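Novice: One structure follows; several queries about it will come next.
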Amino acid sequence: RASDSTPGRRFAGTGALTDALRAALPFSLTGAQDRAIAEIGEDQGSTTRMLRMLQGDVGSGKTLVALMAMLRAVESGAQAALLAPTEVLARQHHKTINGLLAPLGREAALLLGKGRGRAGSVGVSGAGGKRSEITAGMASGEISLVVGTHALLSEDVRFADLGLAVVDEQH
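Sequential numbering from 0 applies to the sequence shown in my numbering.
Here you go:
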């Protein structure tokens, strides 16, 4: 965890999405997952900007922990994005996240390079949304959760209110 004196945005969260996700999980969270979620939640509840690195082995539940933080931002009225270094990893995160969100009746959008993407159910109709539909939904705030590659950093991509960016960079 790192922070500086730069003011951040406080995400109080209602618990509506995070509690629903926790209740819908077909497994119990590990102690490490619970601790990481609680620590990140404390940071998100602060007015100090959060800069945090989450480390763990493959399959240890980092995506779930990230999703809980993303949902807390969404509960607070903001948007959240997960940036993956490759299209393969972005698709994998998207599939995992949407699998976890399915019992909640929500989906994340997927934005890939070269005009490809997949619109979520929030605000954009159809499963194979065009890039223009996805970026319009992000700009209007209709899309609150998005997973993507570095296409998320393109000049034509605008967020109505991006509150949390999760960056998955493999080193």
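We put the beta carbon where it would ideally sit given N, CA and C, even for glycine.
It should be emphasised that the depicted structure is a prediction, and the values quoted were computed from it without experimental measurement.
Taking the C-alpha atoms as reference points, what is the distance between valine 121 and histidine 93?
Specialist: Here residue 121 corresponds to residue number 122 of the sequence shown, with the count starting at 1. Here residue 93 corresponds to residue number 94 of the sequence shown, with the count starting at 1. Here the model assigns valine 121 a pLDDT of 38, short of 50, so the residue's position is not dependable, and the following value carries that caveat. Near 15 Å, if we compare the C-alpha coordinates of histidine 93 and valine 121.
Novice: How do the stretch 6 to 21 and the stretch 42 to 50 stand: do at least 3 beta-carbon pairs fall below 8 Å, yes or no?
Specialist: Yes: at least three Cβ pairs fall under 8 Å.
Novice: Looking at leucine 20 and leucine 88, is the spacing between their C-beta atoms short of 8 Å?
Specialist: The sequence position of residue 88 within the sequence shown is 89, counting from 1. The sequence position of residue 20 within the sequence shown is 21, counting from 1. No. Outside cutoff.
Novice: Could you tell me whether the Cβ atoms of alanine 80 and leucine 151 are closer together than 8 Å?
Specialist: Numbered from its first residue, the sequence shown carries residue 80 at position 81. Numbered from its first residue, the sequence shown carries residue 151 at position 152. In this structure, leucine 151 lies closer than 8 Å to alanine 80 by Cβ.
Novice: Taking the beta strand (DSSP E) that alanine 108 falls in, what are its first and last residues?
Specialist: In the sequence shown, counting from the first residue as 1, residue 108 sits at position 109. Unbroken beta strand (DSSP E) run through alanine 108: 108 to 110.
Novice: Buried or exposed: which applies to methionine 52, given that a residue is buried once 16 or more other Cβ atoms fall within 10 Å of its Cβ?
Specialist: In the sequence shown, residue 52 corresponds to position 53, counting from 1. Classification of methionine 52: exposed, given that the 10 Å Cβ count is below 16.
Novice: Between threonine 29 and arginine 71, is the Cβ-Cβ spacing less than 8 Å?
Specialist: As a position in the sequence shown, residue 29 is number 30, starting the count at 1. As a position in the sequence shown, residue 71 is number 72, starting the count at 1. No, these two residues do not count as a Cβ contact at 8 Å.
Novice: For alanine 35, is the classification buried or exposed, using 16 other Cβ atoms within 10 angstroms of its Cβ as the cut-off for buried?
Specialist: Taking the first residue of the sequence shown as position 1, residue 35 is located at position 36. Buried, since its Cβ has 16 or more Cβ neighbours within 10 Å.
Novice: Suppose only complete runs of 4+ residues qualify. What are the alpha helix (DSSP H) ranges in the stretch 35 to 95, listed by chain order?
Specialist: Correct list: 61 to 74.
Novice: If you follow the alpha helix (DSSP H) that leucine 16 is in, where does it begin and where does it stop?
Specialist: Position 17 of the sequence shown, counted from the start, is the residue given in the question as residue 16. From DSSP, the alpha helix (DSSP H) with leucine 16 extends over 15 to 23.
Novice: For alanine 108 and isoleucine 142, which I take to be in contact (beta-carbon distance under 8 Å), what is that distance rounded to the nearest angstrom?
Specialist: Residue numbering aside, residue 108 sits at position 109 when the sequence shown is read from its first letter. Residue numbering aside, residue 142 sits at position 143 when the sequence shown is read from its first letter. That belief holds up - the Cβ atoms of alanine 108 and isoleucine 142 are roughly 5 Å apart, short of 8 Å.
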